[in-house]
Amino acid sequence: MNDYRSQLIQAGIEQNQKEIVLPILPYSEYCWQTVPPTEEWEKDFKDFYHIPQDVTLRFE
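Residues in the sequence shown are numbered from 17 upward in steps of one, following the working numbering.
Right under this line is the structure:
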């Protein structure tokens, strides 16, 4: 699922999407911070995945 999220991110960047919808990882209650809990963490998440800061992330 994490690889799938990476593929969605890459496709969203290539298509210049202003919002990228990412699935919540299965068993997220057992993994630490699979969804950024704050704006600062979201900024770091975007930096890590090379997502432009003006793109909105939505986790479903």
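Virtual Cβ for every residue (Gly too), placed ideally from N, Cα, C.
{"Check": "Coarse secondary structure for Glu-58, derived from DSSP in three states", "Outcome": "helix"}
{"Check": "Counted within 10 angstroms of its Cβ, other Cβ atoms place Ile-25 as buried (16 or more) or exposed", "Outcome": "buried"}
{"Check": "The region 30-37 in contact with the region 46-59 per 3-pair CB rule at 8 Å", "Outcome": "no"}
{"Check": "Residue(s) in a DSSP beta bridge with Thr-72", "Outcome": "Glu-35"}
{"Check": "Where Leu-41 sits in the DSSP three-state scheme", "Outcome": "coil"}
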